[in-house]
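Undergrad: Taken in order, the sequence shown gives residues 282 to 504; the numbers are from this note's numbering.
Quick one: structure below, then a few questions.
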Amino acid sequence: MDTSLKNKKVLITAGPTREYIDPVRFISNESSGKMGYAIAEALHQMGADVILVSGPVFITSTFPKDRIKNVLTGKEMYLECKKYFDSIDIAVFCAAVADYAPKVTSNIKIKKIESETILELQKNIDIAFEFGIVKKIKQKSIGFALETNNIHENAINKLEKKNFDLVVLNSPNKNEGFGYNTNKITIIDADLSVHVFPIKEKKEVALDIINFIEKTYQEALPE
Ligand code: PMT
């Protein structure tokens with residue numbers, strides 16, 4: 282396939298993170314990794330140079346294993362991305378990173394007690410936000426926004442706050458978002474133009490996102 286994304290260096294985050302309470306319990310979410318892996322597979326097939334930083338997922342994939350960097354926590358995901366961010370052309374932040382993590386992770390399994398207990402949480406590192414601060418003009422950053430209400434307003438807030446060049450809005454509705462093989466997306470670009478797509482297989486959604494990136498940034502991306 283002839284594409285201007287051939288040989289472009291792309292960093293993709295995918296899947297959930299796990300924020301450990303103790304060795305056997307953690308806070309996480311239902312991300313399966315399907316959306317992020319579909320983007321990684323499609324870009325790899327087009328000849329892009331892709332690194333996939335992945336939370337724990339249980340899916341089969343044709344994406345080369347030696348290009349996958351497996352991590353568990355949000356902090357690990359950030360540190361792994363940090364190794365590559367400086368040299369990449371495009372970042373796609375598709376992972377569902379836990380916004381909060383336990384303030385303390387116990388080294389031993391916490392015993393059940395007969396009363397209520399309180400789990401203290403602290404804000405987790407916001408990976409996309411951190412790289413939004415250091416992003417260079419030639420680098421393009423694609424974010425996702427998973428929203429249930431005020432969807433456009435919330436997605437635009439993320440676009441602006443995290444310095445994304447475009448944001449892919451989706452929802453956790455049935456057959457969309459988490460876990461399903463299908464998704465329904467709306468792409469909002471830097472001019473705040475809204476592009477609505479019909480529900481499709483995630484593999485086709487991945488191609489829609491890639492085509493949009495290619496069309497929008499063909500001239501901006503370095504040769
Ligand atoms: O994995 P699947 O089951 O296929 O589901 C796909 C998906 C629903 C997980 C995916 O399409 C998606 O929407 N991913 C982003 C989910 C999310 O966490 O959205 P958010 O609105 O909370 O985060 C906004 C953006 O900031 C995202 O690009 C996210 O990757 C990034 N982020 C968020 C928090 C954080 N601490 N670090 C981040 O980098």
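C-beta atoms are modelled at their ideal positions from N, C-alpha and C, and glycine is treated no differently.
Inspect the beta-carbon positions of residue 488 and residue 323 and report whether they are closer than 7 Å.
TA: The answer is yes: Cβ separation under 7 Å.
Undergrad: Checking 7 Å against the spacing of the C-beta atoms, do residue 456 and residue 463 come in under that value?
TA: Closer than 7 Å, so yes.
Undergrad: What are the partner residues of residue 424, as DSSP defines its beta bridges?
TA: BP columns for residue 424 point to 374, 448.
Undergrad: Taking residue 451 and residue 425 to be in contact with their CB atoms under 8 Å, please state how far apart those CB atoms are, rounded to whole angstroms.
TA: Contact flag correct, Cβ pair sits at about 7 Å.
Undergrad: Quick one: does the C-beta of residue 378 sit closer than 6 Å to a heavy atom of the ligand PMT?
TA: At least one heavy atom of the ligand PMT is nearer than 6 Å to the Cβ of residue 378, so yes.
Undergrad: With 16 other CB atoms within 10 Å as the buried threshold, where does residue 344 fall?
TA: Classification of residue 344: buried, given that the 10 Å Cβ count is 16 or more.
Undergrad: Count the C-beta pairs between the stretch 367–385 and the stretch 292–311 that are closer than 8 Å, then say yes if the count reaches three, no if not.
TA: Yes, the stretch 367–385 touches the stretch 292–311.
Undergrad: Which complete alpha helix (DSSP H) runs does the stretch 310–355 hold, if anything under 4 residues is left out?
TA: 315–326, all fully within the stretch 310–355.
Undergrad: What is the DSSP secondary structure of residue 308, counted as helix, strand or coil?
TA: Note: residue 308 maps to strand in three-state DSSP.
Undergrad: So, for residue 443: in the same chain, excluding its five sequence neighbours on each side, which residues have a beta-carbon less than 7 Å away from its beta-carbon?
TA: Closer than 7 Å at the Cβ level, and outside the excluded window around residue 443, lie 409, 410, 413, 424.
Undergrad: Does the pairing of the stretch 353–362 with the stretch 313–323 give three or more beta-carbon distances under 8 Å?
TA: Touching, no, given that fewer than three Cβ pairs across the two stretches are closer than 8 Å.
Undergrad: In angstroms with no decimal places, state the Cα-to-Cα distance between residue 286 and residue 330.
TA: If you take the alpha carbons of residue 286 and residue 330, they lie about 9 Å apart.
Undergrad: Expressed to the nearest angstrom, what Euclidean distance is found between the alpha-carbon atoms of residue 261 and residue 301?
TA: Nothing can be reported for residue 261, as the shown portion of the chain is limited to 282 through 504.
Undergrad: Within the continuous alpha helix (DSSP H) that includes residue 489, where are the two ends?
TA: Element bounds for residue 489: 483–498.
Undergrad: Taking the alpha carbon of residue 334 as the point to measure from, which residue in 327, 346, 328, 341 has its own alpha carbon closest?
TA: Nearest C-alpha to residue 334: 346.
Undergrad: Does the Cβ-Cβ distance between residue 422 and residue 471 come in under 7 Å?
TA: Taking 7 Å as the Cβ cut-off, residue 422 and residue 471 do not qualify as a contacting pair.
Undergrad: Could you please give me the residues that DSSP links to residue 415 through a beta bridge?
TA: Paired residues: none, contrary to the question.
Undergrad: By a C-beta neighbour count over all protein chains shown, 10 Å radius and 16 as the cutoff for buried, is residue 506 buried or exposed?
TA: Within the shown structure, residues of the chain are numbered from 282 to 504, placing residue 506 beyond reach of any answer.
Undergrad: Hey, how far is the Cα of residue 336 from the Cα of residue 309?
TA: Distance between the alpha carbons of residue 336 and residue 309: 10 Å.
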